[in-house]
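Under the UniProt record's numbering, the sequence shown has 48 at position 48, and the numbering climbs by one with no breaks.
Beta carbons are placed, not taken as given, at the ideal position from N, Cα and C, and that holds for glycine.
Everything numeric in this text was worked out from a predicted model, so none of it was measured.
Notes to accompany the following structure.
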Amino acid sequence: MGLSKTIWAHPAEFLAHQQPENPVLFFSPGVLQAAARRFIDGFPGLVTYAVKSNPEEVVIENLAAAGVHGFDVASPAEIRMIRRLCPEAALHYNNPVRARSEIAVAVAHGVCSYSVDSHSELSKLIDLVPAAGTEITVRFKLPVQGAAYNFGAKFGATVELATELLARVAAAGFVPSITFHPGTQCTDPAAWEAYIRTAAQIARDAGVRIARLNVGGGFPSHRLSDVVPQIEATFALIGRVTAEAFGDARPALVCEPGRALVAESFSLAARVKAVRDDAHVFLNDGTYGNLDELPVIGIIDRVEVITPEGARRTGAPRPRIVFGPTCDSVDRLPGELPLPGDIAEDDYVLFHGLGAYSVATNTRFNGFGDVAIETVLSLH
Ligand SMILES: *Cc1c(COP(=O)(O)O)cnc(C)c1O
Numbered sequence: 001m002g003l004s005k006t007i008w009a010h011p012a013e014f015l016a017h018q019q020p021e022n023p024v025l026f027f028s029p030g031v032l033q034a035a036a037r038r039f040i041d042g043f044p045g046l047v048t049y050a051v052k053s054n055p056e057e058v059v060i061e062n063l064a065a066a067g068v069h070g071f072d073v074a075s076p077a078e079i080r081m082i083r084r085l086c087p088e089a090a091l092h093y094n095n096p097v098r099a100r101s102e103i104a105v106a107v108a109h110g111v112c113s114y115s116v117d118s119h120s121e122l123s124k125l126i127d128l129v130p131a132a133g134t135e136i137t138v139r140f141k142l143p144v145q146g147a148a149y150n151f152g153a154k155f156g157a158t159v160e161l162a163t164e165l166l167a168r169v170a171a172a173g174f175v176p177s178i179t180f181h182p183g184t185q186c187t188d189p190a191a192w193e194a195y196i197r198t199a200a201q202i203a204r205d206a207g208v209r210i211a212r213l214n215v216g217g218g219f220p221s222h223r224l225s226d227v228v229p230q231i232e233a234t235f236a237l238i239g240r241v242t243a244e245a246f247g248d249a250r251p252a253l254v255c256e257p258g259r260a261l262v263a264e265s266f267s268l269a270a271r272v273k274a275v276r277d278d279a280h281v282f283l284n285d286g287t288y289g290n291l292d293e294l295p296v297i298g299i300i301d302r303v304e305v306i307t308p309e310g311a312r313r314t315g316a317p318r319p320r321i322v323f324g325p326t327c328d329s330v331d332r333l334p335g336e337l338p339l340p341g342d343i344a345e346d347d348y349v350l351f352h353g354l355g356a357y358s359v360a361t362n363t364r365f366n367g368f369g370d371v372a373i374e375t376v377l378s379l380h
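So this is what it looks like as structure tokens:
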């Protein structure tokens with residue numbers, strides 16, 4: 001057995017040596033740890049990670065190594081995985097609807113915080129979770145603004161209901177807190193402002209001093225070349241508005257980003273199966289695979305095309321309709337993607353910023369969906 005090289009310099013090196021027939025997600029631990037440090041250094045409170053956005057163990061391990069010690073979990077499987085990888089981590093169970101059997105798993109694994117958005121689910125928690133030292137965060141929603149996707153359609157109490165729930169949480173002896181989720185890929189920092197001011201109003205109306213305000217995830221990743229995320233501006237706004245709105249009753253802050261922590265640390269290489277009659281480009285990955293989110297959130301135009309020899313295509317860009325490999329006609333990327341005019345069969349299209357909601361939601365539909373994860377020193 002020879003020594004095999006397992007960490008590659010960059011994707012093009014791997015592609016030229018291996019010529020993979022299945023999609024490959026390239027992972028840079030350094031980029032992930034830098035994103036974690038950017039949040040830990042910049043966010044004026046506790047940084048936790050929304051596991052659902054990418055639950056790969058290498059992701060959890062690298063975030064923990066970079067100093068992330070809290071995790072937003074939504075299921076017994078996520079709870080067990082985080083306990084196994086990070087025994088000391090704080091678990092925040094922020095899926096507001098849970099079976100009684102799931103609550104029992106959470107209690108057994110020492111979950112320290114639960115979100116809630118209804119009286120019926122709060123009753124279950126009061127029945128099953130010991131109150132002393134356990135936090136319950138009341139999740140509320142406002143009419144949508146500024147997000148790429150409406151998170152309020154499923155979860156979140158109205159302001160009036162949230163006020164009732166918060167008073168009930170405090171009366172039951174739990175640590176009372178508030179949370180919201182402004183949406184996902186919120187490129188305008190103002191998305192947080194109305195939520196924070198309303199949270200302060202809910203606490204005042206309930207007559208409850210809250211311990212913590214969890215401002216959710218929703219921080220944007222870099223998807224369009226020309227739209228660079230304003231993460232630090234968002235941190236500054238959250239700190240300023242919280243101080244203004246709560247005054248002396250300022251709670252500790254928590255955030256639970258998924259996308260903005262993990263997106264930039266993965267790039268996806270999808271192989272060109274065909275350029276059909278010099279028009280449509282067919283890739284070996286698509287909307288049932290690692291590009292699942294694009295029809296909902298929009299295209300990623302941070303793309304390079306690499307030849308099988310590892311060279312970058314430099315032809316003048318030409319907008320193309322791009323299809324995935326399955327026989328379903330919705331397996332198409334939204335709009336048209338500008339790709340180098342000299343793109344050819346067997347090339348690789350490298351999409352940057354694809355770490356969130358990619359491998360996590362990849363399906364096996366139509367017999368596709370095999371994907372490898374390869375570690376690289378640099379993604380470019
Ligand atoms: C999905 C989710 C997140 C993470 O959202 P991003 O947009 O990926 O940052 C955070 N909190 C809750 C409750 C979620 O459901």
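> Exposed or buried, what is V228 when buried is set at 16 or more other beta-carbons lying within 10 Å of its beta-carbon?
Replying inline: In the sequence shown, residue 228 corresponds to position 228, counting from 1. So V228 ends up on the exposed side.
>> Taking only three categories from DSSP, how would you classify residue 431?
In response: Lying before the first or after the last residue shown, residue 431 is absent from the chain, which here runs from 1 to 380.
> CA-CA distance, M1 and V175?
Replying inline: By 1-based counting over the sequence shown, the position of residue 1 is 1. By 1-based counting over the sequence shown, the position of residue 175 is 175. Here the model assigns M1 a pLDDT of 46, short of 50, so the residue's position is not dependable, and the following value carries that caveat. Their Cα atoms are separated by approximately 58 Å.
> Thinking just about the alpha-carbon of each residue, which of R209, V129 and F155 is nearest to the one in A167?
Replying inline: In the sequence shown, residue 167 corresponds to position 167, counting from 1. Comparing Cα-Cα distances from A167 to each of R209, V129 and F155, the minimum goes to R209.
>> Using the three-state DSSP reduction, which class does S267 fall into: helix, strand or coil?
In response: As a first step, residue 267 must be located in the sequence shown, where it is residue number 267. In this structure, S267 counts as strand in the three-state DSSP scheme.
>> Mapping the DSSP letters down to three states, classify I299 as helix, strand or coil.
In response: To locate residue 299, count along the sequence shown from 1; it is residue 299. DSSP places I299 in coil when its eight states are reduced to three.
> Is F219 near A260, with beta carbons less than 8 Å apart?
Replying inline: Here residue 219 refers to the residue found at position 219 when the sequence shown is read from its first residue. Here residue 260 refers to the residue found at position 260 when the sequence shown is read from its first residue. Yes, they are a contact pair.
> For ligand 1, is there a heavy atom less than 7 Å away from the beta-carbon of T234?
Replying inline: If you number the sequence shown from 1, residue 234 lands on position 234. Answer for T234: no, Cβ out of range of ligand 1.
> When the Cα of N95 is compared with those of I82, V159 and A74, which residue comes out closest?
Replying inline: Mapped onto the sequence shown, residue 95 falls at position 95. Selected option, being the one with the closest Cα: A74.
> How many Å lie between P325 and A270 at the Cα?
Replying inline: By 1-based counting over the sequence shown, the position of residue 325 is 325. By 1-based counting over the sequence shown, the position of residue 270 is 270. Taking the straight line from one Cα to the other gives about 10 Å.
>> Give me the DSSP bridge partner(s) of T361.
In response: To locate residue 361, count along the sequence shown from 1; it is residue 361. In DSSP, T361 forms no bridge with anything.
> Are the CB atoms of I178 and L213 nearer to each other than 8 Å?
Replying inline: As a working mapping, residue 178 is identified with position 178 in the sequence shown. As a working mapping, residue 213 is identified with position 213 in the sequence shown. Cβ atoms of I178 and L213: closer than 8 Å.
> Under a CB-based cut-off of 8 Å, is T163 close to chain B?
Replying inline: Among the chains of the structure shown, chain B does not appear; only one protein chain is present.
>> So, with DSSP's three-state summary, where would you put M1?
In response: For the purposes of this step, residue 1 is taken as residue 1 along the sequence shown, with counting starting at 1. In this predicted model, M1 has a pLDDT of only 46, less than 50, meaning its place in the structure is not dependable; the value taken from the coordinates is given anyway. In the structure shown, M1 sits in coil (DSSP, three-state: anything other than H, G, I, E or B).
>> Please give the ranges of any alpha helix (DSSP H) in the stretch 21 to 89, keeping only runs that are unbroken, at least 4 residues long and fully inside the region.
In response: 29 to 42, 57 to 66 and 76 to 85
>> With three or more C-beta pairs closer than 8 Å as the rule, is the stretch 69 to 86 touching the stretch 127 to 147?
In response: no
>> I'd like the span of the alpha helix (DSSP H) that includes F14, first residue to last.
In response: Position 14 of the sequence shown, counted from the start, is the residue given in the question as residue 14. Here the alpha helix (DSSP H) through F14 covers P11 to Q18.
>> Quick check on the DSSP output: the beta strand (DSSP E) that includes A372 runs from which residue to which?
In response: For the purposes of this step, residue 372 is taken as residue 372 along the sequence shown, with counting starting at 1. Run containing A372: A372 to V376, per the beta strand (DSSP E) assignment.
> Short check: CB of I60 to CB of T375, under 8 Å?
Replying inline: Working through the sequence shown from its first residue, we reach residue 60 at position 60. Working through the sequence shown from its first residue, we reach residue 375 at position 375. Cβ distance not < 8 Å, so I60 and T375 don't count as in contact.
> Looking at the structure shown, is T163 part of a helix, part of a strand, or coil, going by DSSP?
Replying inline: Counted from its first residue, the sequence shown places residue 163 at position 163. The answer is helix: DSSP assigns T163 an H, G or I state.
>> If contact is defined by three or more beta carbon pairs under 8 Å, each pair taking one atom from either stretch, is the stretch 277 to 289 in contact with the stretch 51 to 69?
In response: no
> How is the beta strand (DSSP E) around I178 delimited, first residue to last?
Replying inline: Counting from 1 along the sequence shown, the entry for residue 178 is found at position 178. Run containing I178: V175 to T179, per the beta strand (DSSP E) assignment.
>> With a threshold of 8 Å, are at least 3 pairs of Cβ atoms found where one atom belongs to the stretch 283 to 291 and the other to the stretch 232 to 251?
In response: no
> DSSP on P317, reduced to helix/strand/coil?
Replying inline: Here residue 317 corresponds to residue number 317 of the sequence shown, with the count starting at 1. In the structure shown, P317 sits in a strand (DSSP, three-state: E or B).
> To which residues does DSSP link F351 through a beta bridge?
Replying inline: Counting from 1 along the sequence shown, the entry for residue 351 is found at position 351. Partner(s): L268 and V303.
>> For V359 and N54, which I take to be in contact (beta-carbon distance under 8 Å), what is that distance rounded to the nearest angstrom?
In response: Sequence index remark: in the sequence shown, residue 359 carries index 359 (1-based). Sequence index remark: in the sequence shown, residue 54 carries index 54 (1-based). That pair is a contact at about 6 Å.
> Since S329 and H10 are thought to touch, with beta carbons under 8 Å apart, how far apart are those beta carbons, to the nearest angstrom?
Replying inline: Numbered from its first residue, the sequence shown carries residue 329 at position 329. Numbered from its first residue, the sequence shown carries residue 10 at position 10. Wrong, their Cβ atoms sit about 35 Å apart, outside the cutoff.
> Below 8 Å between beta carbons: does that hold for V107 and V138?
Replying inline: Your numbering for residue 107 matches position 107 in the sequence shown. Your numbering for residue 138 matches position 138 in the sequence shown. Against a cut-off of 8 Å, the Cβ pair of V138 and V107 comes out as no contact.
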